[in-house]
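J.: Mind having a look at this structure? Questions to follow.
Protein chains in written order, with my numbering: chain A, 238 to 319; chain B, 64 to 312.
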């Protein structure tokens, strides 16, 4: 199945895309989506553990499976300077 | 107890349709604690003092350095070497003598944070590290006190108003939070004042009983705002399961 992932912030700026379309197999988890994103854009590898990933507007455990129709969003990590 | 507000001082903001004399009164009766008096905290303290928040406590044990001046608005070269919290108390008291400003020269940690935020209406994040933010988050959720997260790095700022039990907390939005700070990539000078402005607006809305606007992300270089309306995570170890590991570690 195809799934659309909305990109936020510098992910959108650097990729030049608002959304990405991925092929997802039944049973794939959110980690798969993150891995696919990193595979396409290795420049974001260092963010991998810290990205804000939401499914249907809720942060979810990345081991959770993706279903058809889910709305996924990937945002850069929380910034922590002051 | 009802306190009289000085209508002359606030006359321009009292004309704003979204605002009112009752709301000004509500701000006058409010107490905020700002943890951190640097780029974010000093700008937020300045804005809230001018807006008329009745009691502002600023917690910081750092001294002012030359490298602070580019992203702060109240400190001058003469203040270098002096304590941030005390200088803020002194200068903000001169800006608005009708409110109470208290500088507290200490570092918030797991042993004192609950006492520092006791009886406050809201906590503002002016820190520069994730460890203290996670501590604020625990103290906020445990004691049912709203807080407003803000962070800056490079050209990016983030803000999120957090109301325990109603909105997601900081641990709802990420399973791992990077411990890197602005020292890793710097902060462009103008960014903290803009993010502090957004933080203060979210603070005022929460104090007035309005809903915060979710996670707000601002890129100063691209002049681009984004907003994420993330929902509360029922499985969140902090606000979902009431585990306050950063207060207890």
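Glycine residues also receive a C-beta, built at the ideal position from the N, C-alpha and C atoms.
The structure displayed is predicted, hence computed values, not measured ones.
Which class does residue 202 of chain B belong to by DSSP, given the choice of helix, strand or coil?
T.: Helix.
J.: Run through DSSP, which three-state label would residue 88 of chain B get?
T.: Helix, per DSSP.
J.: For residue 261 of chain B, which option in B:281, B:125, B:116 has the closest C-alpha, if you only look at C-alpha atoms?
T.: The shortest Cα separation from residue 261 of chain B among B:281, B:125, B:116 belongs to B:281.
J.: Under the DSSP definition of a beta bridge, which residues are partnered with residue 302 of chain B?
T.: Beta-bridge pairing links residue 302 of chain B to no other residue.
J.: Suppose you measure from the CA of residue 174 of chain B to the CA of residue 311 of chain B; what does that come to, to the nearest Å?
T.: Cα-Cα distance, rounded: 9 Å.
J.: By the three-class DSSP mapping on this structure, what secondary structure does residue 248 of chain A have?
T.: Looking at residue 248 of chain A - three-state DSSP - the assignment turns out to be helix.
J.: If the cut is a Cβ gap below 7 Å, which residues of chain A does residue 215 of chain B touch?
T.: Those within 7 Å of residue 215 of chain B in chain A are 316, 318, 319.
J.: Which of the three DSSP states, helix, strand or coil, is assigned to residue 258 of chain B?
T.: Three-state DSSP puts residue 258 of chain B in a helix.
J.: Considering only residues of the same chain and omitting the five flanking positions on each side of residue 76 of chain B, which have a CB-CB separation below 6 Å?
T.: Taken in chain order, the residues that qualify are 82.
J.: Terminal residues of the continuous alpha helix (DSSP H) containing residue 153 of chain B?
T.: 147-158 is the span of the alpha helix (DSSP H), which, as asked, contains residue 153 of chain B.
J.: Going by C-alpha to C-alpha distance, which of B:235, B:180, B:233 sits closest to residue 208 of chain B?
T.: Among B:235, B:180, B:233, the Cα nearest to that of residue 208 of chain B is on B:180.
J.: Straight-line CA distance for residue 317 of chain A to residue 279 of chain A?
T.: Approximately 23 Å, taken between the alpha carbons.
J.: Taking contact to mean at least 3 C-beta pairs separated by less than 8 Å, is the stretch 95-109 of chain B in contact with the stretch 142-149 of chain B?
T.: They touch, by the three-pair rule.
J.: Where DSSP assigns a beta bridge to residue 242 of chain A, which residues make up the other side?
T.: Answer by DSSP bridge pairing, in chain order: A:257, A:309.
J.: Is the number of C-beta pairs between the stretch 82-95 of chain B and the stretch 105-117 of chain B that are closer than 8 Å three or more?
T.: As far as the Cβ criterion goes, the stretch 82-95 of chain B touches the stretch 105-117 of chain B, which means the pair count is three or higher.
J.: So with CB distances below 9 Å, who are the chain A contacts of residue 235 of chain B?
T.: In chain order: 295, 296.
J.: Helix, strand or coil: how does DSSP classify residue 263 of chain A here?
T.: Reduced to three states, the DSSP call for residue 263 of chain A is coil.
J.: Under 8 Å between the Cβ atoms of residue 293 of chain B and residue 236 of chain B?
T.: Going by C-beta atoms, residue 293 of chain B is nearer than 8 Å to residue 236 of chain B.
J.: Cβ of residue 322 of chain A less than 8 Å from any chain B Cβ?
T.: Absent from the structure is residue 322 of chain A, since the part of chain A shown begins at 238 and ends at 319.
J.: Alpha carbon to alpha carbon, what distance is there between residue 194 of chain B and residue 124 of chain B?
T.: Residue 124 of chain B and residue 194 of chain B: Cα-Cα distance of roughly 16 Å.
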